[in-house]
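These notes concern the structure reproduced below.
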Amino acid sequence: MISESAFKAEIEKFCNPQSPNYLGDPQTRAEAILKANQGWANALYECAKNISPVSTNANAAKTTFLEIVGTEVITLEILQQAVSQFALTLGQGMSGYNSTPPPAPLMLSSSATDYDSNCSQMASQVCNWLRTGQSTLIAPPYTTGPWL
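Here's what the structure looks like:
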C-alpha cells in the first residue's frame with residue numbers, strides 16, 4: 075500500500091527540525107542539497123515500496139529519481155520530471171499488468187504555517203498523486219484499478 079506515514083517520516087528527516095526524525099542541520103550548501111535530494115528519493119521509495127499491484131522496481135525507481143535530480147538544487151520542474159520518471163519506472167515493474175503512471179504532473183502547494191503540517195500536506199499530495207496511476211491486468215478479467 076502507498077504509505078503517507080512512511081513518506082512523512084522520511085521527509086521530516088530533512089524538512090522538520092521539530093520532529094524526532096530530524097537528522098540535524100546541514101553544515102554546507104552541498105550537504106543541504108545532498109540531504110534534500112536523498113531525502114526525497116528515500117521518501118518516495120518508502121512511500122511506494124509496498125504499492126499494489128506489487129512492483130519489483132522500487133529500488134530502480136529510486137535510482138532513476140536520483141539520476142535526474144543529480145547534485146543540484148531541485149527546482150519544481152526537475153522535481154516534477156524526477157517524480158514522473160520514478161512513477162513510470164515503478165509501474166514498469168508491475169508484472170502481469172499494463173501500468174499507466176499518474177497522468178498529470180505532481181503539483182505541490184501548502185497553506186501550512188508549521189513544519190509538521192507542511193510535511194503532512196506534502197505526504198498527502200504526493201501519495202494521492204501516486205494513487206492516480208492505473209494498472210490493467212493483462213489476462214482475464216482484464217480489470218483496471220488505481221495504484222494502492
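Under my numbering, the first residue of the sequence shown is numbered 75, with each subsequent residue one higher. We put the CB at the ideal spot given by N, CA and C, even for glycine. Since this is a predicted model, take the numbers as computed values, not measurements.
Check	Outcome
Spatial neighbours of glutamate 120 within its chain, please: CB distance less than 8 Å, with the 5 preceding and 5 following residues excluded, ordered by chain position.	Ser77, Ala80, Phe81, Ala83 and Glu84
Look up leucine 180 in the DSSP assignment and say whether it is helix, strand or coil.	coil
Which whole runs of the alpha helix (DSSP H) in the region 83 to 144 are 4 residues long or more, in chain order?	103 to 122 and 132 to 143
Over what stretch of residues does the beta strand (DSSP E) that includes glycine 165 continue unbroken?	Taken as a continuous stretch (DSSP letters only), glycine 165 belongs to no beta strand (DSSP E), being part of the alpha helix (DSSP H) at 150 to 166.
Looking at the structure shown, is tyrosine 189 part of a helix, part of a strand, or coil, going by DSSP?	helix
So, at 7 Å on beta carbons, what are the nonlocal neighbours of valine 147 in its own chain, with the 5 sequence-adjacent residues on each side left out?	Ile107
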